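To start, the structure itself, in structure tokens.
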Amino acid sequence: MQSPIVITGMGMVSPLGNGVNINWQRLLAGRSGINTIERFDTRDIPIKIAGCVPRHDEDSEGGIDLNAIADAKEQRKLDLFSLYAMAAADEALTQANWQPSEAAQKRRTATVVGSGIGGFPTITQAQKTLTERGYRRVSPFTVPAFLANLAAGNLSIRYGFQGPLGCPVTACAAGLQAIGDGMRLIRSGEADVALVGGAEACIDPLSLASFNALKALSTEADAPASASRPFDKARNGFVMGEGAGLMVIETLDHALARGATPLAVLNGYGTSADAHHITAGPEDGAGAALAIEAALGMAGLNRDAISHINAHATSTPVGDRAELASLRRVFGERLASIPVSATKASTGHLLGAAGGIESIYSVLAARTQQLPPTLNYTQGDDDMQGLDVVTTQPRDHDVQHVLCNGFGFGGVNAALIVSRYAG
């Protein structure tokens, strides 16, 4: 019998703050990480709000100190998504107590960090430099900074991990697919330990303008904290967020042999393609349902075993309805008895990093037996009748198995099942 794959370390940077504990505290308290954009001038674009990671000088308790991650010289070589990944990795590896010095251990450590876009602001800034100052002024670090695999690459270099290196670039499913890829590497025997998850930092005038052209973003500006409204009848688009969510995973046998503390079990993973449309899933949710069913199959669970769902739920009408259709397709009438949280209401949509942080929220729900609230949900569409959305306050609940969903442009679907560790 194969040893279960467990999580032994977690690290997170999100619009709610830097660090897993403060994220969870603020999420349960109903805090929102969405605010007016101050990072750049938004007068010429209709999008004025986003879920920006707070800096230390803005939030002394939960803000991130980039200088503590890398000195000024190194920061000039890195895009922000790599810096966020470094912060999350340090927290995860410290908790897992996995900082190997032996060459054999480093060769058996994989690094798989997904990203939907990579270093987008580095690209737009380089184009501006090229246009305004000429090609001689473009930094030689432009390409190494913006490549999507460089979050994983920089972590591998920093810690000396010489095992498999990967980066799913699969839009908003990238973080979950990175976790699934890490599970496969361990199961295939190619790695003993994997650092996995997602990182994203593309809050930029061009990315906001582009998503706005798709009519995908909320244009609200006056009340940022209430703009992200997953499943709510009044929702009008998603709010872009940024950050990173990483975890250390390994088999239970490996963890116990080295004295690590298992936090939760990764029981199942599934992925699929809609083969339908570049930006919208099919209305019947068939493609996403395939991923969920595959995750259940890997876990050896039937649909009745799922006790909580952390939905992908971006706050777009088309996406929310397609996900609900997929859930009804899999769970049928039983869906009404499964509490659903949509944590993007608090963080915005972190694109390729969403699966990383939402899988960690799923772990915390299983560990604490508390379900995070879904902010701003007051009235669902008619077709959402019977959906048990956790609203307003966290809810105490018997949580054994959590389903975490991630769906992306191009028709990519991913589903992860996180289970409570009973050891």
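Following the working numbering, the numbering of the sequence shown begins with -9 at its first residue and continues without gaps. Backbone N, C-alpha and C fix where the C-beta goes; we use that ideal spot for every residue, glycine too. These numbers were taken from a predicted model, which means no experiment stands behind them.
The alpha-carbon of SER409 is positioned some 5 Å away from that of VAL255. Look at VAL(-4) here: in three-state DSSP terms it is strand. In this structure, ILE54 and ASN8 form a Cβ contact; the two beta carbons are roughly 4 Å apart against a cut-off of 8 Å. Look at HIS267 here: in three-state DSSP terms it is coil, with no helix or strand label. Contact between CYS162 and ALA344 is confirmed by a C-beta separation of about 6 Å, below the 8 Å threshold. At a Cβ-Cβ threshold of 8 Å, ALA301 and ASN395 count as neighbours. Under DSSP, ASP222 shares a beta bridge with GLY370. THR209 and THR306 have their alpha carbons spaced roughly 12 Å apart. For GLY398, the uninterrupted beta strand (DSSP E) run begins and ends at 391 to 398, by DSSP. Taken in chain order, the complete alpha helix (DSSP H) segments of 4 or more residues contained in the segment 118 to 185 are 132 to 136, 140 to 149, 164 to 177. In the structure shown, MET(-9) adopts coil according to DSSP, grouped into three states.
Straight through space, the alpha carbons of ALA58 and ARG66 are spaced by roughly 14 Å. Relative to the Cα of ILE(-3), the nearest Cα in the group GLY109, ALA332, ARG357 belongs to ARG357. In this structure, DSSP gives VAL255 an extended state, which the three-state scheme calls strand. Shown here, ARG319 sits in a helix according to DSSP, grouped into three states. Considering only ALA168, GLY235, ARG98, the residue with the shortest C-alpha distance to GLU81 is GLY235. ASP372 has its alpha-carbon roughly 42 Å from the corresponding atom of ALA77. Distances from the alpha-carbon of THR112 to those of THR132, GLU122, ALA100 put THR132 closest. Between the segment 24 to 41 and the segment 278 to 286 there are fewer than three C-beta pairs closer than 8 Å, too few to call the two in contact. The shortest CA-to-CA distance from VAL43 to any of ALA265, HIS391, ASN13, GLY400 is the one to ASN13. Looking at the DSSP output, GLY104 shares a beta bridge with GLY188.
According to the DSSP assignment, GLY9 belongs to no beta strand (DSSP E), since it is labelled neither H nor E. For the pair PHE399 and ILE296, the Cα-to-Cα distance works out to about 26 Å. Between the segment 175 to 191 and the segment 221 to 234 there are three or more C-beta pairs closer than 8 Å, enough to call the two in contact.
Going by DSSP, ILE193 is part of no beta strand (DSSP E) at all; its letter is neither H nor E. The beta carbon of ALA245 sits closer than 7 Å to the beta carbons of VAL(-4), THR(-2), PRO252 from its chain, once the five residues preceding and following it are set aside; these are given in chain order.
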